[in-house]
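**Student:** If you use full-length UniProt numbering, the sequence shown corresponds to residues 1 to 285, in order.
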Amino acid sequence: MEHGFEALPCEGTEGACVNSWLAISTNAFELFAQRWQADSGTCNGGLKWQYNPSSMGYYYKNSVTNGGFFQTAARLARYTGNQTFADWAGRIWDWSTGVGLVSAGFHVFDGAGDADTANCSEISQDQWSYNAATYLHGAANMYAFSSGDEQTKWETRVLGLLGAANATFFSPEADAIGVMYEQNCEKTATCTTDQTSFKSSLARWLGRTAVLVPSTSQTIMGLLQTSAQAAASGCDGYGNSTCGMKWWANGFDGQSDLGVQLSALEVVLSLLVASAPGVAVPVAA
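#1: Looking at the secondary structure, which residues open and close the alpha helix (DSSP H) in which Asn-27 lies?
#2: Out of Gly-98, Gln-83, Phe-106, point me to the one whose CA is closest to Ala-112's CA.
#3: Does the Cβ of Thr-156 have 16 or more other Cβ atoms within 10 Å, making it buried, or fewer, making it exposed?
#4: With respect to the alpha helix (DSSP H) encompassing Lys-153, which residues constitute its N-terminal and C-terminal limits?
#5: Secondary structure at Ser-263, three-state DSSP: helix, strand or coil?
#6: May I have the straight-line CA-CA distance separating Ile-24 from Pro-9, to the nearest angstrom?
#7: Taking only three categories from DSSP, how would you classify residue 316?
#8: In whole angstroms, what separates the C-alpha of Ser-227 from that of Thr-242?
#9: Can you tell me which of the three DSSP states Met-221 falls into?
#10: In this structure, how does DSSP classify Val-108 when only helix, strand and coil are distinguished?
#11: Let me make sure I understand the geometry here. Which of Gln-261, Ala-210, Ile-220 has the alpha-carbon closest to that of Ala-232?
#12: Measure the alpha-carbon distance for Ile-123 versus Ala-16 and round it to whole angstroms.
#13: Report back the beta-carbon spacing between Asn-66 and Gly-46 to the nearest angstrom; my notes put them in contact at under 8 Å.
#14: Using a Cβ-Cβ cut-off of 6 Å (strictly less than) and excluding sequence neighbours within five positions of Trp-49, which residues of its own chain qualify?
#15: Taking the straight line between their C-alpha atoms, what separation do you get for Gly-138 and Ala-74?
#16: Would you identify the three-state DSSP class for Ile-177, choosing helix, strand or coil?
#17: Just grab the DSSP bridge partners of Val-102 for me.
#18: What's the C-alpha gap between Ser-121 and Val-108?
#19: Are the CB atoms of Gln-127 and Asn-44 nearer to each other than 9 Å?
#20: Have a look at Gly-254, Glu-173, Trp-21, Ala-7 and flag the residue whose alpha-carbon is nearest the alpha-carbon of residue 291.
#21: Beta-carbon within less than 7 Å of Ser-270's beta-carbon, same chain only, minus the 5 sequence neighbours each way: which residues are those?
#22: Below 8 Å on the Cβ atoms is my contact criterion, and I expect Leu-76 with Phe-29 to pass it. Report the Cβ-Cβ distance as a whole number of Å.
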């Protein structure tokens, strides 16, 4: 939608394409909003991680779920110019900071339980790169949507999130300054298959933030350049066909699952944002 993908064939009636990219995105937003209302009996709001009560994680409200809703609302606000989406983005941000998922120092923590009387009172202090990236890109879209004092407010939040991400997910060693890493598991080689993919989200949404918020561009592109060069240096596995996980290891480290390859690909592709077509201009609400 934002990047000019070819329109889907219209399957609606009376001129309404119910399967257009915008319709699909709006429907997803509306389902999230309905879930928010249904889940508001605990923690004064927020989405549960899981939809099915029998699923492990149902009694957990986490950053990737609520950050995803925040980002969806923010991107729809920027694309459509519709204030309703922007209001929801502000509401989700305020809830996230109020409950403690996003700290005063802009660190993004993993989540909190809401079973029984827990009521999100104990926040998991785990920090994962894709959680921070999700909120960062959402805030960048709100900056692009806003003007005046509101834009300044969102720029402050973007810069805060970027600073916290830089401090947390870069520079694993003294000789690897500016190299991205998954700080919660990478140095101990305990990242699971999904966790190895988290850096791909950080790389992608850093690149898009650099485009949406010009004041971040120099810092972000410097981090991406350093990380991409380090990642490429580890892509000499199995006959120079496979990339490794530890970009700071000065060569292939032997870990080569799908998430590892995706992360290396995304950090290299993110260098192209400066020459790529811009995100689509807003449409009429």
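All C-beta atoms in this analysis are idealised placements derived from N, C-alpha and C, irrespective of residue type, glycine included.
**Tutor:** Let me spell this out:
#1: By one-based count along the sequence shown, residue 27 stands at place 27. It spans 21 to 38 - the alpha helix (DSSP H) in which Asn-27 sits, taken as one unbroken run.
#2: Position 112 of the sequence shown, counted from the start, is the residue given in the question as residue 112. With distances taken between Cα atoms, Ala-112 lies closest to Gly-98.
#3: Within the sequence shown, the letter at position 156 stands for residue 156. That one is exposed.
#4: Residue numbering aside, residue 153 sits at position 153 when the sequence shown is read from its first letter. Run containing Lys-153: 148 to 169, per the alpha helix (DSSP H) assignment.
#5: Your numbering for residue 263 matches position 263 in the sequence shown. Looking at Ser-263 - three-state DSSP - the assignment turns out to be helix.
#6: The count along the sequence shown starts at 1 and reaches residue 24 at position 24. The count along the sequence shown starts at 1 and reaches residue 9 at position 9. Rounded to the nearest angstrom, the two C-alpha atoms are 13 Å apart.
#7: The first residue shown for the chain is 1 and the last is 285, placing residue 316 beyond what the model contains.
#8: The residue labelled residue 227 in the question sits at position 227 within the sequence shown. The residue labelled residue 242 in the question sits at position 242 within the sequence shown. When rounded, the distance between both Cα atoms is 17 Å.
#9: The residue labelled residue 221 in the question sits at position 221 within the sequence shown. The answer is helix: DSSP assigns Met-221 an H, G or I state.
#10: Translated into positions along the sequence shown, residue 108 becomes position 108. Correct three-state label for Val-108: strand.
#11: Numbered from its first residue, the sequence shown carries residue 232 at position 232. Comparing Cα-Cα distances from Ala-232 to each of Gln-261, Ala-210, Ile-220, the minimum goes to Gln-261.
#12: Locating residue 123 in the sequence shown gives position 123, where the first residue counts as 1. Locating residue 16 in the sequence shown gives position 16, where the first residue counts as 1. Distance between the alpha carbons of Ile-123 and Ala-16: 44 Å.
#13: Position 66 of the sequence shown, counted from the first residue, corresponds to residue 66. Position 46 of the sequence shown, counted from the first residue, corresponds to residue 46. Their Cβ separation, rounded to whole angstroms, is 6 Å, which keeps Asn-66 and Gly-46 in contact under 8 Å.
#14: Position 49 of the sequence shown, counting from 1, holds the residue named residue 49. Hits under 6 Å: Gly-57, Tyr-60, Asn-62, Thr-65.
#15: Against the sequence shown, residue 138 aligns to sequence position 138. Against the sequence shown, residue 74 aligns to sequence position 74. Answer to the nearest angstrom: the Cα atoms are 5 Å apart.
#16: As a working note, residue 177 is residue 177 in the sequence shown. Looking at Ile-177 - three-state DSSP - the assignment turns out to be coil, as it is neither helix nor strand.
#17: On the sequence shown, position 102 is the one that residue 102 refers to. Answer is Val-108.
#18: Position 121 of the sequence shown, counting from 1, holds the residue named residue 121. Position 108 of the sequence shown, counting from 1, holds the residue named residue 108. Their Cα atoms are separated by approximately 16 Å.
#19: The count along the sequence shown starts at 1 and reaches residue 127 at position 127. The count along the sequence shown starts at 1 and reaches residue 44 at position 44. No, Cβ-Cβ distance for Gln-127 and Asn-44 is not below 9 Å.
#20: Nothing in the structure corresponds to residue 291, since the chain is present only between 1 and 285.
#21: For the purposes of this step, residue 270 is taken as residue 270 along the sequence shown, with counting starting at 1. Excluding residues within five positions, the ones whose Cβ falls inside 7 Å are Ala-203, Arg-204, Leu-206, Gly-207, Leu-224.
#22: The residue labelled residue 76 in the question sits at position 76 within the sequence shown. The residue labelled residue 29 in the question sits at position 29 within the sequence shown. 6 Å between Cβ atoms; contact.
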